[in-house]
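Protein chains: 2
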Amino acid sequence: MTGPVLRDWQSVRAEVLRRIHVRDWKPGDLIPNEADLASEFGCARSTVNRALRDIAQSGLLDRRRKAGTRVASNPVARATLSIPVMREEIEGVGRKYGYQLLSRSTEIPPVAESAAMQLTPDDALLHIRALHLADDRPFALENRWIDPGVVPGVTDAPLENISANEWLLQNAPYTHGEIAFSATVAQASDAPLLGCDTGAPLFVTERLTWDGTRAVTRVRILFPPGYQMRTAL
Amino acid sequence: MTGPVLRDWQSVRAEVLRRIHVRDWKPGDLIPNEADLASEFGCARSTVNRALRDIAQSGLLDRRRKAGTRVASNPVARATLSIPVMREEIEGVGRKYGYQLLSRSTEIPPVAESAAMQLTPDDALLHIRALHLADDRPFALENRWIDPGVVPGVTDAPLENISANEWLLQNAPYTHGEIAFSATVAQASDAPLLGCDTGAPLFVTERLTWDGTRAVTRVRILFPPGYQMRTAL
DNA sequence: GAGTGGTCTAGACCACGGG
DNA sequence: CCGTGGTCTAGACCACTCG
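Protein chains in written order, with our numbering: chain R, 4 to 236; chain Y, 4 to 236.
Below, the structure written as structure tokens:
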């Protein structure tokens with residue numbers, strides 16, 4: 004039962020996914036090796052390799068040298084979140100972006116911040132609070148700490164006009180970071196800015212960005228009730 | 004100024020990332036084409052291609068035929084979330100997993116559910132409520148609707164012992180899905196189950212899974228205060 | 001039209017890790 | 001040990017799209 008020749012890696016991927024989907028190959032099953040699939044499909048092994056690597060990256064296949072390729076028994080769902088600059092996120096859905104710098108000062112941060120950024124508790128950081136608006140309504144409240152020792156020009160940056168995120172992206176290199184999502188309640192100090200009641204549930208993102216071993220910036224962003232972060236699965 | 008020969012695609016990727024990082028190539032800049040980089044690095048073009056494709060996938064490069072490869076000016080951060088089965092998420096951090104089926108019945112769902120799943124409002128669905136425990140303490144409260152027409156055997160599934168998620172993964176094929184994250188407050192009916200106060204902020208995930216054009220299941224999971232979903236950036 | 005990335009191929013060597 | 005996936009190579013053709 005030789006099927007049609009599959010010439011490109013996306014066709015191979017589709018066929019493999021189809022076989023998994025119709026349970027030709029069930030969760031936990033060992034599937035044929037690359038060489039066998041290549042000869043069955045009538046293509047080069049590297050084409051099969053590309054297809055299987057792609058599927059494995061999505062979590063549906065487990066691949067190990069010598070052990071072969073298996074259909075994942077408990078496929079770990081992987082969702083890729085795109086986290087654009089706030090301005091693009093808002094303009095991308097056809098709304099008008101607004102930005103408002105609330106405060107900007109150099110302060111000793113709370114210990115929670117300096118600890119997370121692995122700084123000594125008496126290091127002063129640039130502290131920025133800003134509000135992002137969509138169609139003139141509050142969209143997100145940003146609370147950011149920046150290490151001016153890591154980002155030299157930041158004390159002179161025109162943060163009244165451009166959001167710190169955008170300025171940093173174009174002026175401060177970084178190597179990696181962490182992001183966390185959670186829920187909290189609106190404090191009395193934040194609720195009016197977000198246009199909600201004290202105690203309302205807020206979606207929170209917290210980001211910590213590093214340049215090598217040095218923390219660049221830590222930011223906590225609050226979103227008003229009703230905000231959803233969505234993605235395909 | 005010929006550097007050392009770079010033999011594998013990961014070295015090439017590292018070198019390209021380094022040049023971007025030190026601003027040899029700045030945001031918006033056009034970088035040399037694959038053939039030139041290949042000869043500079045002393046490797047095959049396909050090796051350079053692999054490296055640049057990988058970087059582009061992370062959002063740091065924009066590639067277009069004929070236009071060439073540019074350093075992204077506003078790199079969209081991409082975070083890949085791994086969403087394992089609840090049991091593995093809990094056991095993965097060394098805690099004891101517990102599962103408790105709260106209720107299971109066939110009902111007409113609220114219109115919000117049937118609409119999201121694109122069903123007629125009078126279709127009956129299997130409704131499941133369950134509690135996931137970590138070290139005997141509430142970890143997540145699951146509220147799920149399943150279309151038994153799409154998942155035939157589900158009415159007889161042993162959902163007292165195995166979570167619906169795990170059973171579905173191994174028995175119900177799906178092609179794609181959507182996931183959303185948000186925040187809400189604990190209702191009086193849910194708070195005791197989650198071990199928190201009414202009105203406490205809860206992290207929420209909502210998933211909708213499809214098999215082709217038919218909705219398989221829709222699930223809403225509430226996490227108690229303090230829960231964070233984390234990932235590398 | 002022509003330059004650039006996207007991909008395929010056939011063959012080769014190698015690293016890992018199961019048995 | 002030795003089978004399997006991981007990768008590299010040189011060459012080729014093609015698709016897209018900018019100018």
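Heads up, the beta-carbon is just placed ideally off N, CA and C, and yes, glycines get one too.
Tell me where the beta strand (DSSP E) around R:Ala-235 begins and ends.
Position 232 of the first sequence, counted from the start, is the residue given in the question as residue 235 of chain R. That run of the beta strand (DSSP E) goes 232 to 235.
For R:Ala-143, name the three-state secondary structure that DSSP assigns.
Indexing the first sequence from 1 puts residue 143 of chain R at position 140. Here R:Ala-143 sits in strand by DSSP.
For Y:Val-19, tell me which candidate among R:Ala-191, R:Thr-178, R:Ala-189, R:Leu-211 has the shortest Cα-Cα distance.
Stepping through the second sequence from its first residue, residue 19 of chain Y is reached at position 16. Selected option, being the one with the closest Cα: R:Thr-178.
Could you name the residues of the same chain whose beta carbon sits closer than 6 angstroms to that of R:Ala-82, not counting the 5 residues immediately before and after it, in chain order?
Along the first sequence, read from residue 1 onward, the residue named residue 82 of chain R stands at position 79. So the qualifying residues of the chain are Thr-234, Leu-236.
Quick one: does R:Arg-73 have its CB under 8 angstroms from some CB of chain Y?
Residue mapping note: residue 73 of chain R aligns to position 70 of the first sequence, counting from 1. False, the Cβ-Cβ gap to chain Y never drops below 8 angstroms.
Buried versus exposed, by CB contacts within 10 Å (16 or more), R:Gly-180
For the purposes of this step, residue 180 of chain R is taken as the residue at position 177 of the first sequence. Looking at its Cβ environment, which holds 16 or more other Cβ atoms inside 10 Å, R:Gly-180 is buried.
With 8 angstroms as the threshold, decide whether the Cβ of R:Asn-91 is near any Cβ in chain Y.
Here residue 91 of chain R refers to the residue found at position 88 when the first sequence is read from its first residue. According to the sequence shown, residue 91 of chain R is Glu rather than Asn. Chain Y, which has a Cβ nearer than 8 angstroms to the Cβ of R:Glu-91, makes this yes.
Could you work out which residues of chain Y lie near R:Val-188, taking near to mean beta carbons separated by less than 7 angstroms?
Within the first sequence, numbered from 1, the residue matching residue 188 of chain R stands at position 185. Going along chain Y in sequence order, the residues near R:Val-188 (Cβ under 7 angstroms) are Pro-204.
First and last residue of the alpha helix (DSSP H) that includes R:Val-19?
The residue given as residue 19 of chain R occupies position 16 in the first sequence. Note, R:Val-19: alpha helix (DSSP H), 12 to 24.
At what residue ranges does the region 138 to 194 of chain Y contain a whole run of the alpha helix (DSSP H), taking only runs of 4 or more?
167 to 174
With DSSP as the reference, please indicate the residues paired to R:Val-222 in a beta bridge.
Taking the first sequence and counting its residues from 1, the one referred to as residue 222 of chain R is at position 219. DSSP lists R:Arg-147, R:Arg-210 as partners of R:Val-222.
Could you tell me whether any Cβ in chain R is nearer than 8 angstroms to the Cβ of Y:Arg-221?
Translated into the one-based positions of the second sequence, residue 221 of chain Y becomes position 218. Not an interface residue.
The beta strand (DSSP E) that contains Y:Thr-83, what's its start and end?
Within the second sequence, residue 83 of chain Y is the residue found at index 80, counting from 1. Counting along the chain, the beta strand (DSSP E) containing Y:Thr-83 begins and ends at 80 to 86.
Do we get a CB-CB distance below 8 angstroms when we pair Y:Thr-234 with the residues of chain R?
Taking the second sequence and counting its residues from 1, the one referred to as residue 234 of chain Y is at position 231. Closer than 8 angstroms to some Cβ of chain R, the Cβ of Y:Thr-234 qualifies, so yes.
Tell me the DSSP secondary structure of Y:Met-4 in three-state form.
Walking along the second sequence from the start, residue 4 of chain Y turns up at place 1. Summary for Y:Met-4: the model assigns pLDDT 47, below 50, so the residue's position carries little reliability; its value from the coordinates is reported in the next sentence. The answer is coil: DSSP assigns Y:Met-4 none of H, G, I, E or B.
Measuring alpha carbon to alpha carbon, tell me which of R:Ala-70, R:Phe-142, R:Ala-175, R:Ser-192 ends up nearest R:Thr-158.
Taking the first sequence and counting its residues from 1, one reaches residue 158 of chain R at position 155. If we check each option's Cα against that of R:Thr-158, R:Ala-175 comes out closest.
Quick one: is R:Pro-195 buried, meaning 16 or more other Cβ sit within 10 Å of its Cβ, or exposed?
To locate residue 195 of chain R, count along the first sequence from 1; it is residue 192. Counting Cβ neighbours within 10 Å, R:Pro-195 comes out exposed, since fewer than 16 surround it.
Indicate the three-state DSSP secondary structure (helix, strand or coil) for Y:Pro-227 in the structure shown.
Along the second sequence, one-based indexing puts residue 227 of chain Y at 224. Y:Pro-227 falls in the coil class under three-state DSSP.
Taking just the CA atoms, how far does R:Asn-146 sit from R:Ala-127?
To locate residue 127 of chain R, count along the first sequence from 1; it is residue 124. To locate residue 146 of chain R, count along the first sequence from 1; it is residue 143. About 16 angstroms.
By the 10 Å Cβ neighbour count, where 16 or more other Cβ atoms means buried, how is Y:Val-74 classified, buried or exposed?
As a first step, residue 74 of chain Y is located in the second sequence; it is residue number 71 there, counting from the start. By the neighbour-count rule (16 or more Cβ atoms within 10 Å), Y:Val-74 is buried.
Please say whether R:Val-79 and Y:Ile-34 have beta carbons closer to each other than 8 angstroms?
By 1-based counting over the second sequence, the position of residue 34 of chain Y is 31. By 1-based counting over the first sequence, the position of residue 79 of chain R is 76. No, the pair does not count as a contact, with Cβ atoms beyond the cut-off.
Status (buried if at least 16 other CB within 10 Å, exposed otherwise) for R:Ala-54
Here residue 54 of chain R refers to the residue found at position 51 of the first sequence. Flag for R:Ala-54 reads buried.
Contact list for the region 48 to 69 of chain R against chain Y, Cβ threshold 7 angstroms
none
Quick check on R:Thr-123 - is its C-beta less than 8 angstroms from some C-beta in chain Y?
The sequence position of residue 123 of chain R within the first sequence is 120, counting from 1. No, its Cβ sits nowhere closer than 8 angstroms to a Cβ of chain Y.
Where the alpha helix (DSSP H) through R:Ser-108 begins and ends:
Indexing the first sequence from 1 puts residue 108 of chain R at position 105. Where R:Ser-108 is concerned, there is no enclosing alpha helix (DSSP H), although the beta strand (DSSP E) it sits in stretches over 100 to 110.
Under a CB-based cut-off of 8 angstroms, is Y:Gln-254 close to chain R?
Here chain Y covers residues 4 to 236 and nothing more, so residue 254 of chain Y does not appear.
Same chain, Cβ closer than 6 angstroms to Y:Lys-99, five either side skipped, listed in chain order:
Position 96 of the second sequence, counting from 1, holds the residue named residue 99 of chain Y. Closer than 6 angstroms at Cβ, skipping near neighbours: Asp-138.
Just curious, the alpha helix (DSSP H) that Y:Leu-63 is in, first and last residue?
For the purposes of this step, residue 63 of chain Y is identified with residue 60 of the second sequence, where counting begins at 1. Taken as a continuous stretch (DSSP letters only), Y:Leu-63 belongs to no alpha helix (DSSP H), as it is neither H nor E.
Could you spell out the range, first to last residue, of the alpha helix (DSSP H) harbouring R:Val-114?
Along the first sequence, read from residue 1 onward, the residue named residue 114 of chain R stands at position 111. Per DSSP, R:Val-114 belongs to the alpha helix (DSSP H) from 114 to 119.
Would you decide whether R:Ser-166 is buried or exposed? Buried here means 16 or more other CB atoms lie within 10 Å of its CB.
Within the first sequence, the letter at position 163 stands for residue 166 of chain R. Buried.
Out of Y:Val-8, Y:Asp-27, Y:Thr-216, Y:Gly-62, state which residue places its alpha-carbon closest to the alpha-carbon of Y:Asp-150.
Translated into positions along the second sequence, residue 150 of chain Y becomes position 147. That would be Y:Thr-216, whose Cα lies nearest to the Cα of Y:Asp-150.
I need the boundaries of the beta strand (DSSP E) containing Y:Arg-68, first residue and last residue.
Here residue 68 of chain Y refers to the residue found at position 65 of the second sequence. Run containing Y:Arg-68: none; DSSP gives neither H nor E here.
Measure from the alpha carbon of R:Asp-39 to the alpha carbon of each residue in R:Leu-225, R:Ala-186, R:Ile-224, R:Asn-52, then state which is nearest.
Indexing the first sequence from 1 puts residue 39 of chain R at position 36. When each option's Cα is compared against that of R:Asp-39, the closest is R:Asn-52.
Taking just the CA atoms, how far does R:Leu-211 sit from Y:Leu-104?
Position 101 of the second sequence, counted from the start, is the residue given in the question as residue 104 of chain Y. Position 208 of the first sequence, counted from the start, is the residue given in the question as residue 211 of chain R. Looking at the two C-alpha atoms, the distance is approximately 38 angstroms.
Could you tell me if the beta carbon of Y:Arg-217 falls within a distance shorter than 7 angstroms of some heavy atom in the ligand HEM?
As far as ligands go, the structure on display features none, and thus does not contain the ligand HEM.
Which residues in the same chain have their Cβ closer than 8 angstroms to the Cβ of Y:Ala-186, if we skip the five residues on either side of it in sequence?
Here residue 186 of chain Y refers to the residue found at position 183 of the second sequence. So the list reads Pro-204, Leu-205, Phe-206, Val-207, once near-sequence residues are dropped.
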